[in-house]
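Protein chains in written order, with the working numbering: chain A, 43 to 334; chain B, 43 to 334. Just so you know, even glycine gets a beta-carbon here, dropped at the ideal spot from N, CA and C. Here's the structure, in structure tokens; my notes come after.
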Ligand SMILES: [Fe+2]
Ligand SMILES: [Fe+2]
Ligand SMILES: [Fe+2]
Ligand SMILES: [Fe+2]
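Next comes the structure, spelled out in structure tokens:
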């Protein structure tokens with residue numbers, strides 16, 4: 043299964059962002075179905091052709107969900123052990139909320155770390171989207187800049203979604219797992235939405251602690267890969283391009299870069315919480331952008 | 043008033059995305075307040091320094107809300123007259139909903155186009171965010187790619203927010219206008235959210251028609267500038283950088299590029315509606331990215 047992959051790319055509208063060039067409006071956009079089977083044309087007066095992008099080596103860029111300039115090499119040197127010791131009451135609420143959520147998760151997944159990673163990434167991609175959306179609406183309501191935090195949080199959400207897109211290539215969700223994801227998303231989205239409205243300080247701290255747990259889970263995942271309990275299969279193509287991994291990279295390499303991502307999210311969210319703790323608003327401190 | 047502008051930039055963490063380089067974690071992040079007055083330090087173990095970016099000419103990049111590679115030259119050659127003739131029942135619902143919303147807007151603003159533009163951009167930035175967020179959650183729930191549509195819609199939302207950030211430099215909202223914006227956002231966000239859940243086909247069509255009206259308003263704005271009823275002040279600094287406008291550009295130039303943006307949004311949303319009309323899902327057709 044290769045989701046989101048199209049076999050044909052429609053011709054690019056040359057110079058679409060250059061003024062003075064008369065745009066050649068395509069009357070019809072032809073696009074192939076997601077699995078190459080249903081090649082039905084989308085006929086539209088509004089046909090807006092996508093860009094044609096090539097990789098460094100001249101071959102066609104085959105992903106529509108991310109572009110070459112969004113890819114990166116993960117910073118594997120990041121400190122994986124950093125921890126925010128909970129001291130205030132709110133910190134303790136955040137810490138024990140996360141610890142309490144971990145118990146049922148451990149029982150449910152046992153040592154199935156591939157499945158666990160895939161399932162948890164569907165949840166991990168929610169906070170960044172909720173936070174980014176709320177800051178976006180706040181920026182509009184208050185006629186004020188965001189200091190780059192909207193983008194930083196949306197980037198985090200997109201990064202987590204890419205983790206999911208990667209893991210679903212190596213683990214297939216069963217029907218009851220899909221049902222569970224739908225339920226959990228419904229509950230978690232609303233809970234986090236409310237939490238962010240009431241106390242962004244608490245919300246970011248909770249995510250900081252969730253990320254600390256994520257780092258731990260991925261370390262366990264690596265152990266299972268190293269002792270042979272989980273097969274170290276080749277890395278999916280999407281991971282090679284997204285993290286600029288060398289050819290021949292394996293699942294182990296993917297888990298390494300994903301774990302580094304989680305450490306970066308931990309930093310950003312604990313930092314965001316700290317800013318709130320110091321009585322400031324996020325927009326007063328420039329957000330870390332492209333911090334992976 | 044210069045919102046979201048910092049006078050000092052903390053040192054960048056060199057090579058943060060390069061593996062193998064030992065990251066120098068800053069223990070303390072110092073950042074200036076948004077108006078340079080309250081230079082309070084944010085002390086944080088998690089201090090995540092922002093990147094230091096320079097412009098092409100070597101001077102420091104002063105915006106934290108957008109980066110050089112997100113700027114563009116607007117395609118002024120785009121057809122401003124394109125219109126989707128409503129034929130189906132849903133199209134007519136969309137068309138007359140927008141027409142009905144125009145009447146009170148015209149009465150409220152009369153010929154105050156600067157104020158009108160600023161106020162309407164606070165609403166215009168909502169649909170892209172709601173659509174992007176819903177597609178993001180859907181992608182997570184269904185374990186499937188989005189074909190780039192999440193990003194395309196979020197880019198539209200961000201582009202509209204930049205319109206607001208630009209116009210608020212030339213028009214200051216009064217207290218009752220701020221109150222109105224808060225109320226309108228509360229109603230419109232929820233209405234659009236529900237509409238997108240029930241019928242994305244209708245939702246995108248409504249935005250398509252809203253953009254057609256926006257093009258019309260900006261054309262009226264240009265007329266008022268040309269006949270001297272509105273003063274053609276210099277373009278704000280943020281506009282010069284965002285649209286790569288030459289030095290000495292004026293409000294008229296800004297309205298020209300903003301109107302071109304609206305024409306692009308019109309195309310994208312009518313196109314998205316067409317895709318739904320043909321019984322397909324957005325993800326099956328690659329989204330237009332960087333389509334400005
Ligand atoms: Fe993740
Ligand atoms: Fe994470
Ligand atoms: Fe706009
Ligand atoms: Fe627009």
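Please list the partners that residue 103 of chain A has in chain B, where partner means a Cβ-to-Cβ separation under 8 Å. The contacting residues do not exist; residue 103 of chain A stays about 11 Å from chain B at best.
What residues from the region 224–244 of chain B come within 8 Å of chain A, judged by C-beta to C-beta, listed N to C?
224, 227, 231
Going by Cα to Cα distance, which pick from B:154, B:325, B:286 is closest to residue 270 of chain B? B:154
Q.
When you compare the CB of residue 246 of chain A with every CB in chain B, is at least one pair closer than 7 Å?
A. no
Notebook entry, point to check: Which residues of chain A have a Cβ atom closer than 9 Å to the Cβ of residue 185 of chain B, listed in chain order?
Noted result: 45, 160, 164, 206, 207, 210, 214, 215, 220, 223
Determine the direct distance from the alpha carbon of residue 121 of chain A to that of residue 302 of chain A, and round the result to whole angstroms. 9 Å
- Return yes when the C-beta of residue 312 of chain B is under 6 Å from any heavy atom of ligand 4, and no when it is not. no
Against chain A, does residue 324 of chain B count as a neighbour if the rule is that its beta carbon must be under 7 Å from one of theirs? no
Close Cβ partners of residue 230 of chain A (< 7 Å) along its chain, the five nearest in sequence each way excluded = 165, 168
Q.
Nearer than 6 Å: is that true of the beta carbon of residue 205 of chain B relative to any heavy atom of ligand 3?
A. yes
Exercise. Output the boundary residues of the alpha helix (DSSP H) element that contains residue 227 of chain B.
Key: 217–240
Considering only the alpha carbon of each residue, which of A:157, A:178, A:286, A:130 lies closest to residue 163 of chain B?
A:178
When the Cβ atoms of the region 196–216 of chain B are set against those of the region 275–287 of chain B, are three or more pairs found closer than 8 Å?
yes
Task: Min CB distance residue 282 of chain B to chain A below 7 Å - done: no
Helix, strand or coil for residue 139 of chain B? Go by DSSP, reduced to three states.
helix
Indicate whether at least one CB of chain B lies closer than 7 Å to the CB of residue 188 of chain A. yes
ask   = Of the residues that make up the region 286–310 of chain B, which ones have a beta carbon closer than 9 Å to any beta carbon in chain A?
value = 299, 302, 306, 308, 309, 310
Thinking C-alpha only, which one of A:197, A:217, A:170, A:272 is nearest residue 250 of chain A? A:170
(request) Determine, using beta carbons only, whether residue 195 of chain A and residue 173 of chain A come nearer to each other than 7 Å. (result) yes
Please list, in chain order, all residues of the same chain as residue 114 of chain A whose beta carbon is under 6 Å from its beta carbon, the five residues on each side excluded.
334
Exercise for review: Please compile the residues from chain B whose C-beta is within a distance smaller than 8 Å of the C-beta of residue 422 of chain A.
Suggested key: Residue coverage of chain A in this structure runs from 43 to 334, which leaves residue 422 of chain A outside it and unanswerable.
When DSSP labels each residue in this structure, what does residue 301 of chain B get in the three-state scheme?
helix
Mapping the DSSP letters down to three states, classify residue 328 of chain A as helix, strand or coil. coil
Going by DSSP, what residues sit across from residue 276 of chain B in a beta bridge? B:292
My output table needs one value for residue 362 of chain B: the three-state DSSP class, helix, strand or coil. Given that chain B is displayed from residue 43 to residue 334, the structure contains no residue 362 of chain B and the question cannot be resolved.
Whole angstroms are fine: how far does the CA of residue 221 of chain B sit from the CA of residue 253 of chain A?
38 Å
Among B:90, B:143, B:100, the one whose alpha carbon lies nearest that of residue 256 of chain B: B:143
Practice task
Kindly indicate if chain B contains any beta-carbon less than 7 Å away from that of residue 90 of chain A.
Solution key: yes
Secondary structure of residue 102 of chain B, DSSP reduced to three states:
strand
Between residue 194 of chain B and ligand 4, is there a pair consisting of the residue's CB and a ligand heavy atom that are separated by less than 6 Å? no
Would residue 261 of chain B and residue 274 of chain B qualify as a contact pair, given that the criterion is a beta-carbon distance under 7 Å?
no
Worksheet item: Considering only C-alpha positions, which residue in the set B:184, B:125, B:276 is nearest to residue 211 of chain B?
Response: B:276
How would you write the range of the alpha helix (DSSP H) that residue 191 of chain B sits in, first residue to last?
191–209
| query | Listed from N- to C-terminal order along the chain, which residues in the region 124–148 of chain A have their beta-carbon within a distance smaller than 8 Å of any beta-carbon of chain B? | reply | 124, 126
CB-CB under 8 Å to residue 326 of chain B, same chain, minus the five flanking residues each way: which ones, in chain order? 189, 317
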